[in-house]
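Take a look at the structure below.
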Amino acid sequence: MSSIDPASAPEPEIETEPNRVALPTLETPTLTKAELADLLFERLGLNKRESKDMVEAFFDLIHATLVSGDDVKMSGFGNFNIRRKAPRPGRNPRTGEAIPIKARNVVTFHASHKLKGVVQGDIPLDDEFE
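For the sequence shown, position 125 matches number 514 in this note's numbering, and the numbering has no gaps at all.
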């Protein structure tokens, strides 16, 4: 198996179409809760503690709602749903042994049409998403 040095790999071309999200690398950028709190601090003028507490409270509410079995619907953004997965037969990939997989709840996220359109560049970005 040959290895490729990531530093010597050519940079991917970035499309510059209007209203398109352009990624400078193949690695997907990530927004953390701490960065989200910093953005609230900068944009809303809250102090850092208030910003951090607001982000934590937001995610705590989503978490508690999902744990209670309810869905979370955010207009213009998307829906977090609890989906029940039925038990099913599985197989150990190493041994081939049949193993039962238990029934469980999983969280799914479905982006709204508006969010999908903005990310894909089909819908112009407005102040609501900035």
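C-beta: ideal position from N, C-alpha, C; glycine also. A quick note: this is a predicted structure, and the numbers were derived from the prediction, not measured.
Start and end residues, beta strand (DSSP E) containing residue i
i      : result
Ala492 : Neither: Ala492 is in no beta strand (DSSP E) and is coded neither H nor E.
Arg473 : Gly467 to Lys474
Assumed close pair residue i, residue j - CB separation to whole angstroms, cut-off 8 Å
i      : j      : result
Val507 : Arg472 : Actually they are not in contact, since the Cβ atoms of Val507 and Arg472 sit about 25 Å apart, beyond 8 Å.
Lys430 : Lys437 : Rather than Lys, the amino acid found at residue 430 in this sequence is Phe. Confirmed, Cβ separation roughly 5 Å.
Pro489 : Pro478 : 6 Å
Contact under 7 Å by Cβ, residue i with residue j
i      : j      : result
Gly523 : Phe498 : The requested residue 523 is not part of the displayed model; the chain covers only 390 to 519.
Lys422 : Val444 : yes
Pro476 : Ala487 : no
Enclosing alpha helix (DSSP H) for residue i [first to last residue]
i      : result
Gly479 : Counting along the chain, Gly479 falls outside any alpha helix (DSSP H), though it belongs to the beta strand (DSSP E) covering Arg477 to Arg480.
Glu445 : Lys437 to Val456
Glu431 : Lys422 to Leu433
Leu514 : Run containing Leu514: none; DSSP gives neither H nor E here.
Leu415 : Leu415 -> no alpha helix (DSSP H), and no H or E assigned at all.
Gly510 : Counting along the chain, Gly510 falls outside any alpha helix (DSSP H), and DSSP gives it neither H nor E.
Pick from the options that is closest to residue i, judged by C-alpha positions
i      : options                           : result
Leu455 : Phe469, Ala446 and Ile490         : Phe469
Ser440 : Ala453, Leu450 and Leu425         : Leu425
Val461 : Arg432, Asp427, Leu435 and Ala500 : Ala500
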